[in-house]
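Numbering (the numbering used here), first residue to last: 12 to 227. Where is the CB? At the ideal position from N, CA and C, for every residue including glycine. Fair warning: this is a prediction, and the values are worked out from it, not measured in the lab. First up is the structure itself, then whatever we jot down about it.
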Ligand SMILES: [Zn+2]
């Protein structure tokens, strides 16, 4: 993969949208220096960066809509430190052990349009980075069954919540029974998507569920 990236960068040179450094659309240095998400979010949702910061917003857009998959790896590197930090405490105080990593899924239709799930790409890289083999990636449990309007496009809170209602389904529920779960998504706005996913996972017997997003 590294070699392929090198070759691709040679043929189609890319530069960091923030500092112009060669090699990637947004470099790790710039991501780490991005303003962090200051706004409080609800129960056990940890967003990393402020979505209003233009380079952050643009990088997520490039990943999702322009297929710049390499950015998923960069985001995962940034996320990895934050997860490790939170887990250090959670393991001690909440007995949060051997968590399962679950990316917020896309509907079949959207997956077909995009060809990949950005949250899943981030999760795959997180597993690579997890040298202690703490995390297990599970992608066949939480399923998005309902095609929903983009949450960010809906202004009314009630309609937003309604939009998500019953949009997820659980398969292979034995995999999550009594397990701790880490949900991963690219952006969280009101936390409604995470909360809806949590609700169905809890109903099927999941233990503690926490969530991380790149931006809020
Ligand atoms: Zn940069």
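Query                                                                                                                         : Result
I need the straight-line Cα distance from residue 159 to residue 202, nearest angstrom please.                                : 15 Å
Is the closest heavy atom of ligand 1 to the C-beta of residue 41 under 6 Å?                                                  : yes
Buried or exposed, going by whether 16 or more other CB atoms sit within 10 Å of the CB of residue 30?                        : exposed
Is residue 45 near ligand 1, with its Cβ less than 6 Å from a heavy atom?                                                     : no
Return the residue from the list 133, 189, 191 that minimises the CA-CA distance to residue 83.                               : 133
How big is the Cα-Cα spacing for residue 104 and residue 81?                                                                  : 35 Å
Restricting to Cα atoms, I'd like to know which of 165, 42, 212, 119 is closest to residue 181.                               : 212
Considering only C-alpha positions, which residue in the set 125, 49, 58, 65 is nearest to residue 27?                        : 65
Where does residue 184 sit, in a helix, a strand or coil, going by DSSP?                                                      : helix
Excluding sequence positions up to five away, which residues of its chain have a Cβ less than 7 Å from the Cβ of residue 127? : 80
Under the criterion of a Cβ to heavy atom distance below 6 Å, does residue 32 qualify as lining ligand 1?                     : yes
Are the CB atoms of residue 91 and residue 37 within a distance shorter than 7 Å?                                             : no
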